[in-house]
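Protein chains: 2
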Amino acid sequence: MKLPSIQAGRALSVLLLAACAAPLSAAPPAPAGKKPLTSAEVLAQAAPSDWRTLDPADTIYMELPSGRVVIELAAEFAPRHVANVSALAHGHYFDGLAVMRAQDNYVVQWGDADGKKPVGDAQRTLPAEFERPLRGLNLVRLPDADTYAPQVGFVGDIPAAADPASGRAWAVHCYGMVGAGRDNDVDSGGGTELYVVIGQAPRHLDRNVTLLGRVVLGMEHLSVLPRGTGALGFYEHPQERVPIKSFHLASDVPPQERTEVQVLRTDTATFQAYVAARRNRLEEWFKVPAGHIDVCNLPVPARLRPAPPPPQ
Amino acid sequence: MKLPSIQAGRALSVLLLAACAAPLSAAPPAPAGKKPLTSAEVLAQAAPSDWRTLDPADTIYMELPSGRVVIELAAEFAPRHVANVSALAHGHYFDGLAVMRAQDNYVVQWGDADGKKPVGDAQRTLPAEFERPLRGLNLVRLPDADTYAPQVGFVGDIPAAADPASGRAWAVHCYGMVGAGRDNDVDSGGGTELYVVIGQAPRHLDRNVTLLGRVVLGMEHLSVLPRGTGALGFYEHPQERVPIKSFHLASDVPPQERTEVQVLRTDTATFQAYVAARRNRLEEWFKVPAGHIDVCNLPVPARLRPAPPPPQ
Numbered sequence: 020m021k022l023p024s025i026q027a028g029r030a031l032s033v034l035l036l037a038a039c040a041a042p043l044s045a046a047p048p049a050p051a052g053k054k055p056l057t058s059a060e061v062l063a064q065a066a067p068s069d070w071r072t073l074d075p076a077d078t079i080y081m082e083l084p085s086g087r088v089v090i091e092l093a094a095e096f097a098p099r100h101v102a103n104v105s106a107l108a109h110g111h112y113f114d115g116l117a118v119m120r121a122q123d124n125y126v127v128q129w130g131d132a133d134g135k136k137p138v139g140d141a142q143r144t145l146p147a148e149f150e151r152p153l154r155g156l157n158l159v160r161l162p163d164a165d166t167y168a169p170q171v172g173f174v175g176d177i178p179a180a181a182d183p184a185s186g187r188a189w190a191v192h193c194y195g196m197v198g199a200g201r202d203n204d205v206d207s208g209g210g211t212e213l214y215v216v217i218g219q220a221p222r223h224l225d226r227n228v229t230l231l232g233r234v235v236l237g238m239e240h241l242s243v244l245p246r247g248t249g250a251l252g253f254y255e256h257p258q259e260r261v262p263i264k265s266f267h268l269a270s271d272v273p274p275q276e277r278t279e280v281q282v283l284r285t286d287t288a289t290f291q292a293y294v295a296a297r298r299n300r301l302e303e304w305f306k307v308p309a310g311h312i313d314v315c316n317l318p319v320p321a322r323l324r325p326a327p328p329p330p331q
Numbered sequence: 020m021k022l023p024s025i026q027a028g029r030a031l032s033v034l035l036l037a038a039c040a041a042p043l044s045a046a047p048p049a050p051a052g053k054k055p056l057t058s059a060e061v062l063a064q065a066a067p068s069d070w071r072t073l074d075p076a077d078t079i080y081m082e083l084p085s086g087r088v089v090i091e092l093a094a095e096f097a098p099r100h101v102a103n104v105s106a107l108a109h110g111h112y113f114d115g116l117a118v119m120r121a122q123d124n125y126v127v128q129w130g131d132a133d134g135k136k137p138v139g140d141a142q143r144t145l146p147a148e149f150e151r152p153l154r155g156l157n158l159v160r161l162p163d164a165d166t167y168a169p170q171v172g173f174v175g176d177i178p179a180a181a182d183p184a185s186g187r188a189w190a191v192h193c194y195g196m197v198g199a200g201r202d203n204d205v206d207s208g209g210g211t212e213l214y215v216v217i218g219q220a221p222r223h224l225d226r227n228v229t230l231l232g233r234v235v236l237g238m239e240h241l242s243v244l245p246r247g248t249g250a251l252g253f254y255e256h257p258q259e260r261v262p263i264k265s266f267h268l269a270s271d272v273p274p275q276e277r278t279e280v281q282v283l284r285t286d287t288a289t290f291q292a293y294v295a296a297r298r299n300r301l302e303e304w305f306k307v308p309a310g311h312i313d314v315c316n317l318p319v320p321a322r323l324r325p326a327p328p329p330p331q
């Protein structure tokens with residue numbers, strides 16, 4: 020039967036786009052003695068130590084009507100913005116504010132539409148943190164050419180780029196990256212207005228805005244928001260805005276209410292195997308391995324922390 | 020006042036992410052005698068002949084409960100699939116079927132979940148059309164390196180890649196591109212099940228699936244669909260599926276009910292100026308021009324056809 024039944028339809032799509040295990044097909048030669056693995060096999064074989072549990076002090080829970088968005092803060096790239104957003108969250112600044120913009124294939128943005136809410140112990144604006152010294156960063160590089168930067172890879176689970184000639188490094192605008200809106204003055208941002216990338220990576224924004232974190236879980240609560248019909252995706256009517264129930268540091272939330280998220284460590288052999296499996300897909304469905312991978316086409320895997328084994 | 024009022028907030032965001040005209044700032048040197056333009060200025064100055072109105076015979080209207088999606092078919096790349104999808108549309112095959120999958124940062128997919136609907140004069144499956152000869156195509160190339168292919172650019176408004184060494188060319192998986200799902204057999208697709216890219220370009224699918232069109236208007240009706248909670252974003256319950264009211268060729272729709280869409284011609288000096296403006300953003304907000312552009316970060320502009328001038 021050629022046209023898939025619903026089961027076959029699911030199988031078709033599993034094979035169309037899956038990271039799922041599937042029989043191996045003609046594959047690139049494996050290193051001597053090593054059988055190449057699919058990305059699903061790599062993750063299934065990963066050791067517990069290949070995963071890192073997010074630090075509650077560096078994690079934000081943004082509660083939307085549809086559910087929780089988990090954002091990891093990226094202090095390596097924007098220490099002052101991260102400290103400021105943490106102070107805003109600790110002071111409940113974003114609670115009761117709203118998403119006021121959703122531009123298709125671009126960004127969702129939230130903050131105080133009236134611009135008058137007190138910031139408490141936080142700052143309204145901060146000096147820009149668009150880039151930083153490459154020195155001191157462990158950039159796990161990807162092997163392929165990038166359209167925009169001399170080098171790309173990951174610092175922890177944050178996608179990043181570097182220019183060895185200038186000795187500078189910066190976080191890059193991949194899907195799910197969170198940044199601080201600003202006005203024309205480079206130092207006019209600070210974190211009171213935030214945006215997240217919901218479409219093709221707008222890499223032309225790299226080094227033009229301070230990126231300060233990454234959504235590691237719950238992107239679907241942001242990416243499905245109705246697109247605004249005003250200019251640049253702003254909601255034309257206040258009642259269209261999506262309320263933010265709360266926006267808190269995980270460390271300010273009782274432990275039993277936390278979401279324990281783990282991300283794959285990128286400074287591991289397991290991650291290298293994962294990259295290899297994504298550069299050349301081995302699943303039977305694939306006929307032409309890409310042989311390359313874009314930094315924004317390789318989200319670092321995240322998962323809920325597995326329950327500890329029961330006591331013996 | 021540093022924190023924007025609602026008006027200032029809009030202005031901030033206009034400047035954050037806009038293609039809008041703004042005062043020029045430090046800009047790359049312009050060709051002698053030519054002042055560089057922003058992309059908004061390029062489009063504002065485009066001649067009527069720089070725009071091409073879609074041919075109703077190559078255009079699909081997919082009517083969802085929230086509105087119309089306009090898909091241009093790409094016969095240069097997949098002539099048999101385009102003919103088959105046209106036959107399916109002409110025979111009302113998709114009317115009453117449904118979107119059954121929405122996977123975040125990946126694809127939305129629709130078709131016949133039961134796989135039993137007769138296809139009429141169309142075919143259930145077709146030989147794959149993953150690539151074609153480069154010869155005979157007018158690939159308007161982009162100047163920057165691409166991670167995945169030796170050459171990238173546009174054929175009409177379809178993003179495409181080419182390998183001069185092999186003499187082959189293929190459409191690429193950018194946001195909004197529409198393809199024909201298939202099973203493991205490369206010739207098991209045909210267009211009865213279709214998908215559209217709703218996130219970061221999954222370029223590893225290039226040359227592995229037949230791409231047959233591009234959404235030129237109405238992507239927001241697809242990109243906001245609730246993500247399925249089943250494996251790979253399938254809706255777990257039939258009632259979650261999003262019904263397709265109709266899926267018709269524009270030429271099968273009465274003229275007064277058509278949406279006349281125009282796309283910017285890419286084989287023009289205007290498009291070259293547009294590419295230049297997108298590679299190096301001149302708006303005052305930008306501080307570090309990217310100097311490069313990715314083929315999937317450059318959607319070809321589309322608009323509704325302007326009303327003809329009133330009779331004299």
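These protein sequences, in sequence, are chains A and B.
The C-terminal position of the first sequence is numbered 331 in my numbering, with every residue numbered one higher than the one before it.
The C-terminal position of the second sequence is numbered 331 in my numbering, with every residue numbered one higher than the one before it.
The beta carbon of each residue, even a glycine, is placed where N, CA and C say it ideally should be.
In this text the structure is predicted, and so the values were computed from the model without any measurement.
Three-state secondary structure (DSSP) of residue i
{"i": "L244 (chain A)", "result": "coil"}
{"i": "L36 (chain A)", "result": "Confidence at L36 (chain A) is low in this model, with a pLDDT of 36, below 50, so its placement is unreliable and the value that follows should be read with caution. Reduced to three states, the DSSP call for L36 (chain A) is helix."}
{"i": "A117 (chain A)", "result": "strand"}
{"i": "A288 (chain B)", "result": "helix"}
{"i": "S58 (chain A)", "result": "helix"}
{"i": "S270 (chain B)", "result": "helix"}
{"i": "A63 (chain A)", "result": "helix"}
{"i": "E91 (chain B)", "result": "strand"}
{"i": "P162 (chain A)", "result": "coil"}
{"i": "Y112 (chain A)", "result": "coil"}
{"i": "Y214 (chain A)", "result": "strand"}
{"i": "L224 (chain B)", "result": "helix"}
{"i": "V138 (chain B)", "result": "coil"}
{"i": "R260 (chain B)", "result": "coil"}
{"i": "D182 (chain B)", "result": "strand"}
{"i": "S265 (chain A)", "result": "strand"}
{"i": "Y167 (chain B)", "result": "coil"}
Buried or exposed by the 16-neighbour rule on C-beta atoms within 10 Å, applied to residue i
{"i": "F266 (chain B)", "result": "buried"}
{"i": "T248 (chain B)", "result": "exposed"}
{"i": "A97 (chain A)", "result": "buried"}
{"i": "T72 (chain B)", "result": "exposed"}
{"i": "R151 (chain A)", "result": "buried"}
{"i": "Y167 (chain A)", "result": "buried"}
{"i": "P178 (chain B)", "result": "buried"}
{"i": "S68 (chain B)", "result": "exposed"}
{"i": "Q331 (chain A)", "result": "exposed"}
{"i": "L107 (chain A)", "result": "buried"}
{"i": "F185 (chain A)", "result": "The question names Phe, yet the displayed sequence has Ser at residue 185 (chain A). Per the 10 Å Cβ criterion, exposed."}
{"i": "G175 (chain B)", "result": "buried"}
Span of the alpha helix (DSSP H) around residue i
{"i": "L107 (chain B)", "result": "P98 to H109"}
{"i": "F253 (chain A)", "result": "Careful: F253 (chain A) lies outside any alpha helix (DSSP H) and carries neither H nor E."}
In DSSP terms, what residue i is bridged to
{"i": "I177 (chain B)", "result": "B:V174"}
{"i": "M196 (chain B)", "result": "B:R233"}
{"i": "L283 (chain A)", "result": "A:W70"}
{"i": "G155 (chain A)", "result": "G155 (chain A) pairs with nothing; no bridge assigned."}
{"i": "Q128 (chain A)", "result": "A:R120 and A:Y214"}
{"i": "G86 (chain A)", "result": "A:L83"}
For residue i, the first and last residue of its enclosing beta strand (DSSP E)
{"i": "G310 (chain B)", "result": "Where G310 (chain B) is concerned, there is no enclosing beta strand (DSSP E), given that its DSSP letter is neither H nor E."}
{"i": "Y80 (chain B)", "result": "T78 to L83"}
{"i": "L323 (chain B)", "result": "A321 to L323"}
{"i": "A147 (chain A)", "result": "Where A147 (chain A) is concerned, there is no enclosing beta strand (DSSP E), given that its DSSP letter is neither H nor E."}
{"i": "R187 (chain A)", "result": "R187 to A190"}
Contact between the stretch 191 to 209 of chain A and the stretch 293 to 301 of chain B (3+ Cβ pairs under 8 Å): The stretch 293 to 301 of chain B and the stretch 191 to 209 of chain A do not touch, with fewer than three beta-carbon pairs separated by less than 8 Å.
Three-pair Cβ contact test at 8 Å for the stretch 82 to 99 of chain B versus the stretch 227 to 242 of chain B: By the Cβ rule, the stretch 82 to 99 of chain B counts as touching the stretch 227 to 242 of chain B, because three or more pairs are nearer than 8 Å.
Touching by the beta-carbon criterion (3+ pairs, under 8 Å), the stretch 112 to 132 of chain A and the stretch 252 to 262 of chain A: yes
Contact between the stretch 213 to 227 of chain B and the stretch 192 to 200 of chain B is defined here as three or more beta-carbon pairs at a separation below 8 Å; is this criterion met? Contact between the stretch 213 to 227 of chain B and the stretch 192 to 200 of chain B is established, with three or more Cβ pairs separated by less than 8 Å.
Would you check if there are 3 or more beta carbon pairs closer than 8 Å linking the stretch 149 to 167 of chain B to the stretch 275 to 282 of chain A? no
Are the stretch 127 to 144 of chain B and the stretch 104 to 113 of chain B touching, with three or more C-beta to C-beta distances below 8 Å? Output reads yes: the stretch 104 to 113 of chain B touches the stretch 127 to 144 of chain B.
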